[in-house]
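Undergrad: Those protein sequences? They're chains F and V, same order as listed. Per the working numbering, the first sequence runs over residues 1 to 270. Per the working numbering, the second sequence runs over residues 271 to 716. Every residue gets a Cβ at the ideal spot worked out from N, C-alpha and C, and that includes glycine. Note that the coordinates shown come from a computational prediction; the quantities given were computed from them, not determined experimentally.
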Amino acid sequence: MITATVILLIIGVLIALAIGLVVKFFAVEVDPLLEQVSAIMPGTNCGACGYAGCAGYAAALVGRKAQPGDCPAMSDSLLHQLCELLGVEDVKKERRVAVVFCSGNDQNATRQAFYNGVNRCRDAMLVAAGAKSCTYGCLGLGACAQACPYGAIEVRNRLAIVHPELCRACGLCVQTCPKKLIRLVPASAPIHVFCSSPARGSFKRNACKTACIGCRRCVKAAEENQIRMNGFLAVINYGNPPAAEVAQSCPTAALRANVTQVEANKDSSI
Amino acid sequence: MSKIFRFHGGVYPPEEKLASQAGIQVAPLLEKYTVPLQMHIGAPAKSLVQKGQKVLRGQLLAEPGGYVSAAVHSPTSGVIKEYGSCLGVNGTQWPALIIESDGEDQNQEPMPPISDWQNTDPKILLKRIEDAGIVGKGGAAFPTHVKLSPPPDTPIDTLIINGVECEPGLSADHRLMLENPDQIIEGALIVAHILQAKNIYLGIEDNKQDTIELFREKTASTGAPQVYSLKVRYPQGAEKHLIYALTKRKVPRGGLPLNVGCVVQNVASIYAIYDAVVNGKPLYERVTTVTGNPVVNPGNWLLRIGSSYADALKLAGGLKEQPAKVISGGPMMGVSVYSLDIPVTKNCAGLLFLSRSQLSQFQSKACIHCGRCNDVCPMRLTPGMLGIQIENDRFDLAEAWNVLDCMECGCCAYICPAHRPLVQHMRRAKTEVIAKRQAAEAKKSS
Numbered sequence: 001m002i003t004a005t006v007i008l009l010i011i012g013v014l015i016a017l018a019i020g021l022v023v024k025f026f027a028v029e030v031d032p033l034l035e036q037v038s039a040i041m042p043g044t045n046c047g048a049c050g051y052a053g054c055a056g057y058a059a060a061l062v063g064r065k066a067q068p069g070d071c072p073a074m075s076d077s078l079l080h081q082l083c084e085l086l087g088v089e090d091v092k093k094e095r096r097v098a099v100v101f102c103s104g105n106d107q108n109a110t111r112q113a114f115y116n117g118v119n120r121c122r123d124a125m126l127v128a129a130g131a132k133s134c135t136y137g138c139l140g141l142g143a144c145a146q147a148c149p150y151g152a153i154e155v156r157n158r159l160a161i162v163h164p165e166l167c168r169a170c171g172l173c174v175q176t177c178p179k180k181l182i183r184l185v186p187a188s189a190p191i192h193v194f195c196s197s198p199a200r201g202s203f204k205r206n207a208c209k210t211a212c213i214g215c216r217r218c219v220k221a222a223e224e225n226q227i228r229m230n231g232f233l234a235v236i237n238y239g240n241p242p243a244a245e246v247a248q249s250c251p252t253a254a255l256r257a258n259v260t261q262v263e264a265n266k267d268s269s270i
Numbered sequence: 271m272s273k274i275f276r277f278h279g280g281v282y283p284p285e286e287k288l289a290s291q292a293g294i295q296v297a298p299l300l301e302k303y304t305v306p307l308q309m310h311i312g313a314p315a316k317s318l319v320q321k322g323q324k325v326l327r328g329q330l331l332a333e334p335g336g337y338v339s340a341a342v343h344s345p346t347s348g349v350i351k352e353y354g355s356c357l358g359v360n361g362t363q364w365p366a367l368i369i370e371s372d373g374e375d376q377n378q379e380p381m382p383p384i385s386d387w388q389n390t391d392p393k394i395l396l397k398r399i400e401d402a403g404i405v406g407k408g409g410a411a412f413p414t415h416v417k418l419s420p421p422p423d424t425p426i427d428t429l430i431i432n433g434v435e436c437e438p439g440l441s442a443d444h445r446l447m448l449e450n451p452d453q454i455i456e457g458a459l460i461v462a463h464i465l466q467a468k469n470i471y472l473g474i475e476d477n478k479q480d481t482i483e484l485f486r487e488k489t490a491s492t493g494a495p496q497v498y499s500l501k502v503r504y505p506q507g508a509e510k511h512l513i514y515a516l517t518k519r520k521v522p523r524g525g526l527p528l529n530v531g532c533v534v535q536n537v538a539s540i541y542a543i544y545d546a547v548v549n550g551k552p553l554y555e556r557v558t559t560v561t562g563n564p565v566v567n568p569g570n571w572l573l574r575i576g577s578s579y580a581d582a583l584k585l586a587g588g589l590k591e592q593p594a595k596v597i598s599g600g601p602m603m604g605v606s607v608y609s610l611d612i613p614v615t616k617n618c619a620g621l622l623f624l625s626r627s628q629l630s631q632f633q634s635k636a637c638i639h640c641g642r643c644n645d646v647c648p649m650r651l652t653p654g655m656l657g658i659q660i661e662n663d664r665f666d667l668a669e670a671w672n673v674l675d676c677m678e679c680g681c682c683a684y685i686c687p688a689h690r691p692l693v694q695h696m697r698r699a700k701t702e703v704i705a706k707r708q709a710a711e712a713k714k715s716s
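1) So, with DSSP's three-state summary, where would you put V/Ser491?
2) Taking the straight line between their C-alpha atoms, what separation do you get for F/Ser202 and F/Tyr136?
3) Run through chain F and tell me which residues come within less than 9 Å of V/Tyr608, C-beta to C-beta.
4) Evaluate contact between the region 483 to 497 of chain V and the region 404 to 422 of chain V, counting only Cβ atoms and requiring at least three cross-stretch pairs below 8 Å.
5) Can you tell me which of the three DSSP states V/Trp671 falls into?
6) Between the C-alpha atoms of V/Pro334 and F/Ile182, what's the straight-line distance to the nearest angstrom?
7) Looking only at its own chain, which residues have a Cβ that is under 7 Å from the Cβ of V/Asn432, when we skip the five neighbours before and after it?
8) What residue from V/Thr701, V/Gly680, V/Lys700 has the CA that sits closest to V/Pro283's CA?
9) Against V/Thr304, what residues of chain F qualify as contacts under a CB-to-CB distance less than 8 Å, listed in chain order?
10) Can you tell which of F/Arg168, F/Val127, F/His192, F/Tyr150 has the C-alpha that lies nearest to the C-alpha of V/Arg697?
11) My parser needs the beta strand (DSSP E) runs of 3 or more residues fully inside the region 71 to 155 of chain F; what are they?
12) At a CB-CB cut-off below 8 Å, which residues of chain F make contact with V/Gln694?
13) Should V/Asn676 and V/Met649 be called a contact, given that it needs their Cβ atoms to be closer than 9 Å?
14) Which bits of chain V does F/Thr44 rub up against, with CB to CB less than 7 Å?
15) In chain V, which residues lie with their C-beta within 7 Å of the C-beta of F/Thr176?
16) Just to confirm before moving on: does the CB-CB distance between F/Ile213 and F/Phe232 stay below 9 Å?
17) Would you kindly work out how many angstroms separate the C-alpha atoms of F/Ser133 and F/Cys170, rounded to a whole number?
18) So, are the CB atoms of V/Ala582 and V/Val560 less than 9 Å apart?
19) Taking the alpha carbon of F/Met229 as the point to measure from, which residue in F/Pro198, F/Ala73, F/Asn119 has its own alpha carbon closest?
20) What is the C-beta distance between F/Thr260 and F/Pro164, in whole angstroms, given that I count them as a contact (C-beta under 8 Å)?
21) Relative to chain V, which residues along the region 132 to 158 of chain F have a C-beta separation below 9 Å, given in chain order?
22) Roughly how many angstroms lie between the CA atoms of V/Ala289 and V/Glu449, to the nearest whole one?
23) Which same chain residues end up closer than 8 Å to V/Ala546 when comparing Cβ atoms and leaving out the 5 residues on each side of it in sequence?
24) Which residue wins for smallest C-alpha separation from F/Arg156, given the options F/Lys179, F/Phe114, F/Arg122, F/Asn108?
25) Give me, in chain order, the residues of the same chain whose beta-carbon lies closer than 6 Å to that of F/Asn112; leave out the 5 immediate sequence neighbours on both sides.
26) Could you work out which residues of chain F lie near V/Asn743, taking near to mean beta carbons separated by less than 7 Å?
27) For the region 275 to 353 of chain V, list the beta strand (DSSP E) runs that are entirely contained and at least 3 residues long, ordered along the chain.
28) Counting C-beta neighbours from all protein chains within 10 Å, is the total for V/Val614 16 or more, i.e. buried, or is it exposed?
29) Comparing C-alpha positions only, which one of F/Gly239, F/Cys215, F/Glu245 sits nearest to F/Pro251?
30) How long is the line joining the alpha carbons of V/Gly361 and F/Ala124, rounded to whole angstroms?
31) Could you name the residues of chain F that V/Pro691 contacts, counting a contact when the two beta carbons are closer than 7 Å?
32) Report the residue ranges of all beta strand (DSSP E) runs contained in full by the region 609 to 687 of chain V; include only those spanning at least 3 residues, in chain order.
33) Using the Cα positions of V/Thr517 and V/Ile274, report the straight-line distance between them to the nearest angstrom.
34) Rounded to a whole number of angstroms, what is the C-alpha to C-alpha distance between F/Ile270 and F/Ile161?
35) Starting from V/Arg698, find everything on chain F with Cβ-Cβ shorter than 7 Å and list it in chain order.
36) Just checking my contact of V/Gly493 with V/Gly620 at CB under 8 Å: how many whole Å lie between their CB atoms?
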């Protein structure tokens with residue numbers, strides 16, 4: 001009994017000594033700045049900065065290879081902290097949000113076929129480019145919602161909707177959407193054209209109730225250079241976005257504010 | 271008679287060849303034809319005609335847009351009404367020429383017939399096949415002149431004529447063989463002359479006994495082509511499997527039949543080659559089966575390219591009940607369509623209408639690992655495992671497990687007791703893997 005205790009004690013002391021020596025001689029110098037910078041990172045590893053995850057971006061920042069504004073998911077206050085830490089001038093970044101440029105949900109868009117295959121956007125794309133009559137419209141199977149690390153995209157009535165307050169503009173949904181319907185736009189823009197179809201107005205009218213039919217009323221209602229026509233599709237100039245009132249000129253409600261924002265305003269008014 | 275070899279896997283779907291006893295009828299002239307410019311694999315054809323221009327039957331409408339491409343000819347005489355687009359089989363819009371018929375059906379001066387093809391340079395015959403716009407009429411629509419021009423260092427010793435028609439429901443090739451045996455035999459000899467092939471085999475499944483007997487009788491004296499009776503099994507008409515069944519040669523992974531000295535041609539293509547060489551007639555019509563329980567008179571029609579599916583259905587007497595599904599092609603590999611405005615293309619072998627009782631609607635469930643898909647896969651893949659990998663977006667694993675060998679024959683999905691959409695999974699994985707490889711290649715070259 002005593003021998004066993006003594007042997008164990010000796011082994012313990014020896015191992016403790018060995019660990020102590022290893023820690024002393026093989027210590028890895030960690031830049032305290034890197035640790036601080038890493039703590040500021042959003043930690044979602046979305047990759048939108050172009051580096052391999054948040055750790056990679058932090059290392060690049062400390063190594064002065066990257067700019068503080070490159071992370072689209074970082075909030076303004078954290079960005080301010082980061083600039084202070086790195087000792088650089090404050091970077092001002094315009095907040096952007098993702099917008100799904102389609103409003104063809106189950107009530108608005110007509111369907112040409114019944115699709116009962118694999119419930120994923122890219123699989124549905126292989127079968128006649130989806131079941132909706134409008135071949136440009138949202139498939140509504142939620143590839144973007146799955147890709148979003150912030151849970152900012154909801155699929156409602158077979159239409160993807162972005163919640164702007166949750167969106168951090170990482171751009172993963174932009175890459176994922178097989179129909180290329182999602183773009184990042186300035187968050188300050190009050191209204192968007194929720195249609196991406198360049199088809200003729202008559203065709204779009206049959207395919208979807210809320211399509212942009214190319215009537216140009218919004219172009220007339222807005223100031224110059226705020227909305228231009230790209231064929232049969234109105235396109236907002238996000239460098240100089242039109243005011244929210246312009247949306248009233250649209251006969252099909254393709255030009256409007258984001259659905260979730262409209263709901264938020266309604267809730268606050270009650 | 272040498273031995274027939276049994277390939278691995280395969281299934282036995284009900285044959286349902288309702289129209290196999292209905293002779294080929296020539297479709298009457300229509301008022302309008304919509305001729306798509308891309309009915310083949312490869313570059314789309316380039317239009318040569320203007321809006322409002324008058325064209326004659328057989329006139330060249332569009333020239334090949336590259337080496338792997340095919341010419342398109344006018345199905346009738348009339349006026350080009352529009353250079354527009356039409357709905358294609360795959361659900362997207364195809365560029366197309368819309369021709370308004372003038373009712374006279376005037377024929378253009380045909381290309382000079384080459385009746386003495388035995389003593390003609392194969393290059394001239396190949397040029398004729400290219401000029402006639404012939405593509406593989408079995409389904410893939412690969413330009414025939416490309417297929418018949420193997421590289422000089424790969425000698426071809428065997429030509430296989432594919433008269434298998436293993437897809438249930440279809441009977442267009444069956445009727446074509448039964449009604450035009452001499453032309454098909456001569457066409458086969460022409461192709462063998464082009465390829466300098468020693469052996470000519472004609473494979474026919476034994477559900478077409480009348481055809482087998484007819485061809486045996488016709489070839490009794492010459493022995494070419496050698497007629498083989500094959501036991502019915504799907505997908506015997508697949509190129510690689512027909513080669514194995516007749517010669518026991520295995521096409522290497524990712525390879526082509528010419529790697530083992532074989533070329534396979536569908537009987538309908540052979541017939542078109544005969545027409546082009548001996549009669550100087552370009553490819554602007556084909557035999558198409560219109561069949562299915564809801565159809566009043568299932569049958570086989572000689573339709574001009576560009577007739578719409580609705581026209582084809584009208585010829586078959588219309589519908590006696592509402593169909594639950596319409597398929598362009600056979601039930602195993604065909605594409606389900608949602609509109610009858612789609613035009614008949616060079617590779618449209620059939621139009622199938624399914625009634626509600628024939629269609630099983632199901633919910634697909636989780637894989638139960640029964641392994642039946644492994645037993646039936648003619649390419650010896652493991653569709654069940656591949657399906658799971660693909661569902662989890664592991665396209666790297668799927669690539670390593672040879673998903674690119676899948677030919678989408680549908681045996682696995684047909685046999686699966688959990689009703690898993692395996693073919694759709696494979697198709698998705700194939701597009702992803704091919705896109706990845708192309709991206710890697712583009713990166714390398716840049």
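TA: Once the coordinates are examined:
1) Annotated three-state conformation of V/Ser491 is coil, per DSSP.
2) Approximately 15 Å, taken between the alpha carbons.
3) In chain order: Gln112, Ala113, Phe114, Ala128, Ala131.
4) Contact annotation: the region 483 to 497 of chain V does not touch the region 404 to 422 of chain V, with fewer than three C-beta pairs closer than 8 Å.
5) In this structure, V/Trp671 counts as coil in the three-state DSSP scheme.
6) V/Pro334 and F/Ile182: Cα-Cα distance of roughly 37 Å.
7) Excluding sequence neighbours, V/Asn432 sits near Gly408, Gly473, Gly507, Leu512, Val534, Gln535, Asn536, Val537.
8) Nearest C-alpha to V/Pro283 among V/Thr701, V/Gly680, V/Lys700: V/Gly680.
9) In chain order: nothing, as chain F lies at least about 17 Å away.
10) It is F/Val127 whose Cα lies nearest to the Cα of V/Arg697.
11) Counting whole runs of 3 or more residues, the region 71 to 155 of chain F contains the beta strand (DSSP E) stretches 96 to 100, 153 to 155.
12) Gly117, Val118, Asp123, Leu126, Val127, listed in chain order.
13) For clarity, residue 676 of chain V is Cys in the given sequence; the question names Asn instead. Going by C-beta atoms, V/Cys676 is nearer than 9 Å to V/Met649.
14) What F/Thr44 touches in chain V: nothing, since even the nearest Cβ is about 19 Å away.
15) Neighbours of F/Thr176 across chain V, judged by C-beta separation under 7 Å, do not exist; the nearest C-beta is about 11 Å away.
16) A Cβ-Cβ contact shorter than 9 Å links F/Ile213 with F/Phe232.
17) Between F/Ser133 and F/Cys170, the alpha-carbon positions lie close to 31 Å from each other.
18) Against a cut-off of 9 Å, the Cβ pair of V/Val560 and V/Ala582 comes out as a contact.
19) Per the Cα distances, F/Pro198.
20) Right, their Cβ atoms sit about 7 Å apart.
21) Those residues of the region 132 to 158 of chain F that come within reach of chain V (Cβ to Cβ, closer than 9 Å) are Thr135.
22) Roughly 14 Å between the two C-alpha positions.
23) Taken in chain order, the residues that qualify are Met381, Arg398, Ile399, Asp401, Ala402, Ile404, Pro552, Leu553.
24) For F/Arg156, the closest of F/Lys179, F/Phe114, F/Arg122, F/Asn108 by C-alpha to C-alpha distance is F/Asn108.
25) The displayed chain sequence assigns Gln, not Asn, to residue 112 of chain F. Answer for F/Gln112: Ser133, listed in chain order.
26) What the structure shows of chain V is the stretch from 271 to 716, and residue 743 of chain V is not part of that stretch, so it cannot be assessed.
27) Segments of the beta strand (DSSP E) lying fully in the region 275 to 353 of chain V: 294 to 296, 302 to 306, 330 to 333.
28) V/Val614 is classed as buried because its beta carbon has at least 16 other beta carbons within 10 Å across all chains shown.
29) It is F/Cys215.
30) Going by the C-alpha atoms only, they are around 12 Å apart.
31) Within chain F, the residues near V/Pro691 are Gly117, Val118.
32) The DSSP assignment places 620 to 624 as complete runs of the beta strand (DSSP E) inside the region 609 to 687 of chain V, in order along the chain (cut-off: 3 residues).
33) If you draw a straight line from the Cα of V/Thr517 to the Cα of V/Ile274, it is about 8 Å long.
34) Note that F/Ile270 scores 44 on pLDDT, short of 50, meaning its location in the model is unreliable and no value can be drawn from it.
35) In chain order: Arg122, Asp123, Leu126.
36) Going by Cβ atoms, the distance from V/Gly493 to V/Gly620 rounds to 32 Å, so no, they are not a contact pair.
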